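A.B. asks: Here the numbering used here runs 18 ahead of the position in the sequence shown, where the first position is 1. One structure, as C-alpha cells, below. Some questions next.
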Amino acid sequence: MRETRRLGFLERSGTAILHTQIRYPSCMSLINFHPALRGWFERKFERPTPVQEKAWPAIRGGGHTLLAAPTGSGKTLAAFLSAIDDLVREGQDSGLPDETRVLYVSPLKALSNDIHRNLDEPLAGVRDELLRLGKADVAISALVRTGDTPQHERTKMRRTPPHIVVTTPESLFILLTSESGRKMLSTVRTVIVDEIHAVAGSKRGAHLALSLARLDALCSEAPVRIGLSATQKPMDSVARFLAGDADCTVIDTGHQRERDLALALPRSPLEAFMANEVWEEVYDQLADLARAHRTTLIFANNRRQCERVARHLAERIGEEVVTSHHGSLSRKHRLDAEQRLKAGTLRALVATSSLELGIDIGDVDLVCQLGSPRAIGALLQRVGRAGHAVHAMPKGRLFPLTRDDLTECVALLEAVRRNELDRLTVMRCPLDVLAQQIVAEVAGREWEEESLYEQFRRAWPYRNLARDEYASVVRMLADGYSTRRGRRGAYLHRDAVNGRLRARRGARLTALTNGGVIPDQFDYEVVLLPEGFKVGTLNEDFAFESIPGDIFQLGNTSYRVCKVAQGKVFAEDAKGQPPNIPFWFGEAPGRSDELSAVLSELRAELDRRLAGGELPALSWLRDELQLDEAAARQLVDYNAASRAALGVLPTQTTVVFERFFDETGDQHLVIHSPFGSRINRAWGLALRKRFCRSFNFELQAAA
C-alpha cells in the first residue's frame, strides 16, 4: 500500500535522524483516522497535501517528528489533526477528562491567537460530523495563554484545564513555574513547536529547550514533540534541537515553491538616503498597488517606519482601509487589524515582523517589503503571507530604499533563486538562562543536584554542559553575593552533604517576575482618556520628551498627550490632527551570514566585469539576473563609482579600509567588510577597545 525510500540516515551518539519520502495513493493516509475526522477533512479539502500524507504515519508512530514544508502547505493542520484524533477516540471510548493533552508553542503572541481561531473550525466540524454519524459528542476545548490573555481567561484555565493549550515560550516558562500551571501541564502528551527556526538559534531557543526538559520531568511519560517550520537549515541540527538525544523523523518537502518576486524602484534614482520627495513616489506606488489588489500586506523594518507609511497611505486611499500592526500596539488593536484584513475590509496593513510568521490572515494578494529584511528566511516568510494556501502563488515586491540597499536586494533575490537559506547555529550553554531555569524548577519541587544536572543536559543546547560550570551556577544561586547591606541574590538552599536543592522563600516569585530573555524596553503605556484602557506603548525616551499638548500617532490614530506620569502617558483622541511619529530604539535587523556571502559574490562578479567596462556588467545583470534596465543601470553606476573611489569593490576576500575627514575636521575610519552583523558587531567592539587601550582615548564604533 505504500513505498518508503530512505534519503539519508545519520547516526550520532546512538540516536538517529531518519529522512523519509513516502508515497501514498490518494487519501490513503486518512484511513487510520476516526470516521468523524476523515469525514470532516474530505468535506473540507480535496485531498491531503504532500506534507500531511508523509507526516501523519510518522506522528501516529509515536516518535518525535520535524516537518519542513513551504508556507501554506498545511503543516499546522498536519500536526494538530493526529492530536485531535487521539482526543476524539479517547472521548468516544472512555470520556474525555478535563485535562490538558496538547501543548502548542509559538514564538509570537499573534501566531498563538491565530492558531486558536483556526482550531475552532476543525473542532466544530468534527463535532458536527459526530452528530451526523450518530455518535456521542466529544467537546474539545482550546485556550490561549500568553502575556495578552485576560485575567478571567487565566482563572477559567486554572479551574477547568483545556484539552489544548496554545502559548509562547515565555508563558510556558511561567506555567511550568506556577503551582496551577504545573498541575495543568502534568498531563500533556503532545508538544507542537511551531516556527521552530525563529527561536532555535537564539537564547530564546535555549530557554525553550530547558522548559521542554522540565516538562519531560513533570509528566509521567515524556510528551511527543512535533516541530514545524518552512525555513530551517541545517535540518539535522534543528531535529536535534527539537528531540535532543531521542530519535527524530524528519519529513522534508523543502522550502521551494513558485513565487512572483520582483524589485520595485521609484521613478527618481536612489541615493545614499531616501529624500522626502522620493518617499512621496514610493507612497504613490504603494497606494497604486493597494488599489490594484484586494488586500496588500506591507512590511517595514521598524515601528517608526511602519507608522509613517501607514499615515501616508491613509491620506491616499482612506483612513478606514489602512492601519498598522506592531508589538507596541495593544492586543485589541492587533487582533482587530488581523480580523479586518482577514475579512477583506482592510485594503492595506503595514506591519513589522509581528506578522512575519505563519499567521493565517486571509487571502492576501500582495506583499510589499520596504528595504531589505536582511535575511533570506525573513523574505521567504513575509512573501509567503501572500498566497498562504496550498495552490496559491506568493506575490511580492521588494522596494530598495538606498543605493546600497539596492545591491543587497539584488543579492537577496539571487539567493532566493538559488534556493539558499540562512543557517541556524544553536547556542551552547548560556549560563544566565540556566540560572533562571534552575531557580524556577527548584521552586516547583525539591531536586537532587545530580538528577537536575542530568535532566537539563537532555536539552540539546546544554548537552555539553560541564559539571563544574553547572556547579558554579548552583553555588552562585545558593550563596548569593555580598553588598554593604549583607548578602543578596541567594535563591536556593543547597545541602552539599546529601546533594539536594530546595528553594528559599521568594524564589518562585523572583522566577515568575524575571523569566525570559527578551530585553526589557522600559516602554511607557499609553492610556486613552476618558475610557482608561491601554492602546499601546511608547519608547521611554520619546515619552520623556513629550509634554501635554503634543500629538503623536499610534496604530494610524492621532492622540494628544494630556499627562506624562511614571511609566504611563495619558492621552486623548486628537480627532485626526497632524501628528508626530514616535521613535523606538534598537530595532534595525542585522544581515545574515548567508545573505552576506551572496552579496560578496555579487560584488566580486561586478568587480570582475566592471574591469572590462560598464557594458559587460549591464549585460550580465539584465541577462543572468533578469533585472530591468533601470535597476541594472543604477546598480552599475553605483558600484562603478565605488570601484573608482576605492580601487576595488569590498568582498569577503578583499576588505577595504577607508579614512576621511568630515566638514568639522573629525577623522573617520570606515571598514568595508560584508560579513554581516554577527561578525561586524563583535569586530567593532574589539577594535574600539583596542583603540582605547593603544591611544588612551574613547571613540565611537557602529556596525
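In this text, a Cβ means the ideal position worked out from N, Cα and C, and glycines have one as well. Just so we're clear, the structure is a prediction, and the values are computed from it rather than from any experiment.
1) What are the boundary residues of the alpha helix (DSSP H) that residue 107 is part of?
2) Smallest Cα separation from residue 674: which of 700, 621 and 696?
3) What do you reckon, are the CB atoms on residue 87 and residue 93 nearer than 9 Å?
4) Put residue 447 into one of helix, strand or coil per three-state DSSP.
5) If I follow the unbroken alpha helix (DSSP H) through residue 471, where does it start and stop?
6) Anyone know if the C-beta pair for residue 160 and residue 146 falls short of 9 Å?
7) DSSP state of residue 76, grouped into three classes?
8) Taking DSSP's pairing of strands, which residues face residue 737 in a bridge?
9) Around the C-beta of residue 716, are 16 or more other C-beta atoms found within 10 angstroms, so that it is buried, or is it exposed?
10) Suppose the cutoff is 7 Å on Cβ atoms and the five residues either side in sequence are ignored; what does the same chain contact list for residue 728 look like?
11) Is residue 611 near residue 536, with beta carbons less than 9 Å apart?
12) Go to residue 729, then tell me how far its alpha helix (DSSP H) extends in each direction, as first and last residue.
13) So does the stretch 311-328 actually touch the stretch 448-466, counting three or more Cβ pairs closer than 8 Å?
14) Alpha carbons only, please: which of 374, 501 and 382 is nearest the one belonging to residue 358?
15) Measure the Cβ-Cβ separation of residue 426 and residue 661 and say whether it is below 9 Å.
16) Quick check on DSSP: helix, strand or coil for residue 289?
17) Quick check on DSSP: helix, strand or coil for residue 438?
18) Tell me the DSSP secondary structure of residue 612 in three-state form.
19) Compute the Euclidean distance between the alpha carbons of residue 68 and residue 254, then round it to the nearest angstrom.
20) Evaluate contact between the stretch 523-542 and the stretch 477-489, counting only Cβ atoms and requiring at least three cross-stretch pairs below 8 Å.
21) Measuring CA to CA, which of 226, 269 and 233 is closest to residue 247?
22) Measure from the alpha carbon of residue 424 to the alpha carbon of each residue in 639, 122 and 308, then state which is nearest.
23) Compare the beta carbon distance of residue 217 and residue 125 with 9 Å and say whether it is the shorter of the two.
24) In terms of DSSP beta bridges, what is residue 245 paired with?
25) Span of the alpha helix (DSSP H) holding residue 381?
26) Beta carbon of residue 684, beta carbon of residue 657: below 9 Å?
27) Pull up the distance between the alpha-carbon of residue 250 and that of residue 441, whole angstroms please.
28) Which first and last residues belong to the beta strand (DSSP E) in which residue 343 is found?
29) Examine the Cβ distances between the stretch 195-209 and the stretch 176-184 and report whether three or more of them are shorter than 8 Å.
30) Return the Cβ separation of residue 191 and residue 534 in integer angstroms, given the expectation that the two are a contact with Cβ distance under 8 Å.
31) State the CB to CB distance for the pair residue 706 and residue 719, rounded to an integer number of angstroms; the pair is presumed to be in contact (CB under 8 Å).
32) For residue 152 and residue 56, I'd like the C-alpha separation in whole angstroms.
33) I'd like to know whether the C-beta atoms of residue 495 and residue 509 end up nearer to each other than 9 Å.
34) Residue 480: which of 557, 349, 401 and 224 sits nearest, CA to CA?
35) What does the Cβ neighbour count give for residue 447, buried or exposed, with the cut at 16 atoms within 10 Å?
C.D. replies: In short:
1) 93-112
2) 621
3) yes
4) coil
5) 467-474
6) no
7) helix
8) Since the displayed the chain opens at 19 and closes at 721, residue 737 lies outside it and no answer follows.
9) exposed
10) Not covered by the structure: residue 728. The range shown for the chain is 19 to 721.
11) no
12) Nothing can be reported for residue 729: it is not among the residues displayed for the chain, which extend from 19 to 721.
13) no
14) 382
15) no
16) coil
17) coil
18) helix
19) 21 Å
20) no
21) 269
22) 639
23) yes
24) 84 and 211
25) Looking at the DSSP string, residue 381 is not in any alpha helix (DSSP H), and its letter there is neither H nor E.
26) no
27) 7 Å
28) 340-343
29) yes
30) 7 Å
31) 4 Å
32) 15 Å
33) yes
34) 224
35) buried
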